[in-house]
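In terms of the numbering used here, the sequence shown is residues 1 to 279.
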Amino acid sequence: MPSGELFIVATPIGNLADLTHRADRVLREADVVVAEDTRRTRVLLAHYGIDRTLLAMHEHNEEAMAPQLVKRLRDGESIALVSDAGTPLVSDPGYRLVRTAIDAGIAVRPVPGPSALMAAISAAGLPTDRFVFEGFLPSRQAARRAALERLQHESRTLVFFESSHRALSCLADLEAAFGSERYAAVCRELTKQFETVLRGPLGELRALVAGNAQQQKGEFVFVVAGAEPDGDVQMERALELGRVLQNHLSGSQAARVAARFFGVSRRDLYQLLDAGSGD
């Protein structure tokens with residue numbers, strides 16, 4: 001394996017069989033494995049019979065660790081960065097190290113694999129062409145509700161991480177913000193023995209989770225449908241884009257592109273653009 005390179009290695013989120021062949025090779029050949037929690041990573045390495053030097057790097061020491069690790073990279077060592085589970089840097093530490101390595105001219109190589117985010121949206125049954133990942137919402141209810149209020153009119157699919165001790169209260173806040181009929185998926189313990197994916201209106205999901213203590217345990221990903229776009233607002237946005245495009249395209253071409261982008265009627269948009277061009 002090339003020396004002096006930083007590898008960002010995705011590890012299983014539950015099922016240990018999900019480690020990729022490439023990730024296995026990188027972890028075996030790296031000079032150092034940097035982990036958020038060395039105890040958890042040691043379990044994974046032991047399962048695969050991998051014996052490597054382990055260093056702990058977490059949110060409390062990353063700023064101090066980053067320059068030290070980059071020095072080791074400059075000295076020719078290869079480093080594999082892992083998180084507790086899944087893809088590093090997705091709601092986990094690592095950004096400072098990656099940025100420090102990039103600034104130092106170190107090659108940074110992603111080794112893709114398991115991700116709770118991608119696993120959840122793939123199984124939710126909601127549009128995945130455009131989505132918004134919000135990570136963990138604020139722990140305090142007032143701040144959490146304020147954050148959700150800002151997302152009430154977001155038309156893209158929404159994805160949130162949540163821990164077991166706030167899962168039910170977060171579901172209640174999602175219902176309050178988006179309404180009891182908004183479709184969602186509650187993904188719990190993905191790839192683990194007690195994996196469940198509940199799908200349906202938020203009101204029904206909250207009631208299901210509230211009525212079953214087992215469904216309140218584990219690690220959660222909430223996937224929520226985006227708001228239905230307001231037709232008038234979308235047409236205004238399409239009209240604005242169409243006017244800009246008219247500087248480079250014909251009226252019909254501008255209408256076709258803008259209408260497709262905002263999901264409005266091409267004919268209606270063309271008529272508005274044509275009327276405006278005649279003023």
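Every residue gets a Cβ at the ideal spot worked out from N, C-alpha and C, and that includes glycine.
Reference residue i, options the options, closest by Cα
i, options, result
"L16", "L171, T191 and L174", "T191"
"A101", "Q68, Y270 and D51", "Q68"
"A167", "V70, V209 and A184", "V209"
"L227", "L6, L126 and V111", "This sequence places Ala at residue 227; Leu is not what is there. Among L6, L126 and V111, the Cα nearest to that of A227 belongs to L126."
"P110", "L19, P88 and C170", "P88"
"A23", "V159, Y270, Y48 and L272", "Y48"
"T128", "F222, Q193, L158 and G76", "L158"
"G242", "I50, L202, E149 and A258", "A258"
"G14", "K71, F194, A142 and Q253", "F194"
"A119", "R267, S265 and D18", "D18"
"F178", "S164, E162, T196 and A147", "A147"
"V108", "E77, A123 and G86", "E77"
"A124", "H153, V186 and Q271", "V186"
"E154", "V233, Q214, R206 and G211", "V233"
"Q216", "S265, H165 and E204", "H165"
Close-in-space but distant-in-sequence residues of the same chain around residue i (CB under 7 Å, 5 per side omitted)
i, result
"T41", "V33, A35, L54 and V82"
"D274", "G251"
"H58", "E36 and P93"
"R281", "Only positions 1 to 279 of the chain appear in this structure, which leaves residue 281 out of reach."
"E134", "L158, V159 and F160"
"R96", "E62, E63 and A66"
"T38", "L54 and A56"
"L292", "Residue 292 lies beyond the stretch modelled for the chain, which goes from 1 to 279, so this question has no answer here."
"Q214", "none"
"E149", "A177"
Cut-off 6 Å between Cβ atoms - residues of its own chain near residue i, not counting five sequence neighbours on either side
i, result
"A80", "F7, V9, V26, L27, A30 and V33"
"R144", "L137, P138 and D173"
"D75", "none"
"I50", "L27 and R28"
"T196", "R188"
"D279", "Note that D279 has pLDDT 46, beneath the 50 cutoff, so the model's placement of it is unreliable and the number below is only indicative. So no residue of the chain qualifies."
"V264", "Q234, M235 and A238"
Neighbour flag for residue i against chain B, beta carbons, 7 Å
i, result
"R266", "In the structure shown, chain B cannot be found, because there is only a single protein chain."
Cβ separation of residue i and residue j, assumed to be a contact under 8 Å, to the nearest whole Å
i, j, result
"R188", "F220", "5 Å"
"T11", "P114", "7 Å"
"R206", "E181", "Not a contact, Cβ separation roughly 12 Å."
"A238", "L202", "Not a contact, Cβ separation roughly 30 Å."
"R52", "L44", "Their Cβ separation, rounded to whole angstroms, is 11 Å, which puts R52 and L44 out of contact at 8 Å."
"L117", "V90", "6 Å"
Cutoff 8 Å; reference residue i; Cβ partners in own chain excluding five residues on either side
i, result
"I121", "T128, F131, T157, V159 and V223"
"S163", "F136, E219 and F220"
At least 3 beta-carbon pairs within less than 8 Å: the region 137-151 vs the region 104-115:
The region 137-151 is not in contact with the region 104-115.
Measuring CB atoms only, is the region 5-23 touching the region 60-67, in the sense that at least three cross pairs come out at less than 8 Å?
The region 5-23 vs the region 60-67: no contact.
Let me know the beta strand (DSSP E) ranges lying completely inside the region 50-92, each 3 residues or longer, listed in chain order.
Secondary structure in the region 50-92: the beta strand (DSSP E) runs of 3 residues or longer, each lying completely within the stretch, are 53-56 and 79-82 in chain order.
Return the chain-ordered ranges of every alpha helix (DSSP H) run that is complete within the region 197-263 and spans a minimum of 4 residues.
DSSP assignment within the region 197-263 yields the following whole alpha helix (DSSP H) runs of 4 residues or more, N-terminal first: 202-210, 231-245 and 251-262.
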